[in-house]
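Counted the way the working numbering counts, the sequence shown spans residues 51 to 190.
Worksheet for the structure shown next.
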Amino acid sequence: MKARIGIALIVALLAGTLAWAAFAPLQASSRDQLFEIPKGTWERRMKGDKTSVLPERITLTLGVRDVLLLRNNDTVPQVFGPVLIMPGQDFRLPFAQLGEHPFDCTAHASGTMTVVVDPAPGAGLARLKWRLDSLLNRNG
């Protein structure tokens with residue numbers, strides 16, 4: 051009998067947590083999504099290293115995480131779109147429009163990077179999936 055009550059409490063707690071995650075408003079302590087260009091990136095490029103230090107596609111969520119924050123930890127300037135980011139400098143680029151936004155980027159082997167801006171997920175299953183994806187991507 052106690053085991054059944056314990057299982058029922060666990061199921062109720064899990065169901066409550068999932069309901070909260072699916073319907074609670076999205077909030078973030080900061081709207082910045084940080085990506086860092088590590089020291090030595092330019093040197094590696096000059097030696098022929100084709101490894102990208104940033105993802106080819108960065109996905110932001112409008113109204114939640116919709117400011118791209120690039121931090122240049124390299125010892126040389128890096129170009130992102132029309133902007134020259136000096137060593138030790140941060141560059142913030144807020145996005146207010148949905149869609150795919152391509153940029154030239156010297157931190158990539160391909161020389162380009164695309165920023166995808168998705169709409170904030172609506173309440174229900176879409177919001178639950180967004181929260182789970184965000185949790186997994188933060189820890190992955």
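In this text, a Cβ means the ideal position worked out from N, Cα and C, and glycines have one as well.
Just so it is clear, the structure is predicted and the values come from calculations on it, not from any experiment.
Can you look up residue i in the DSSP assignment and give me helix, strand or coil?
i: residue 183; result: helix
i: residue 59; result: helix
i: residue 189; result: Summary for residue 189: the model assigns pLDDT 38, below 50, so the residue's position carries little reliability, and this model does not support an answer.
i: residue 66; result: helix
i: residue 107; result: strand
i: residue 81; result: coil
i: residue 118; result: strand
i: residue 175; result: helix
With a cut-off of 8 Å, does the C-beta of residue i fall near any C-beta of chain C?
i: residue 58; result: The chain inventory of the structure shown lacks chain C, comprising one protein chain alone.
List the endpoints of the continuous alpha helix (DSSP H) containing residue i.
i: residue 96; result: 91-96
Over the uninterrupted beta strand (DSSP E) stretch that includes residue i, give me the two end residues.
i: residue 130; result: 128-130
Are residue i and residue j touching if we call contact CB-CB under 8 Å?
i: residue 108; j: residue 119; result: no
i: residue 159; j: residue 100; result: yes
i: residue 116; j: residue 144; result: yes
i: residue 131; j: residue 154; result: yes
i: residue 156; j: residue 128; result: yes
i: residue 170; j: residue 113; result: yes
Can you check which of these residues, the options, is closest to residue i by C-alpha distance?
i: residue 105; options: 86, 142 and 147; result: 86
i: residue 80; options: 151, 148, 177 and 111; result: 111
i: residue 150; options: 165, 63 and 84; result: 165
i: residue 96; options: 126, 83 and 176; result: 126
i: residue 84; options: 175, 55, 181 and 142; result: 142
i: residue 163; options: 102, 137, 66 and 59; result: 102
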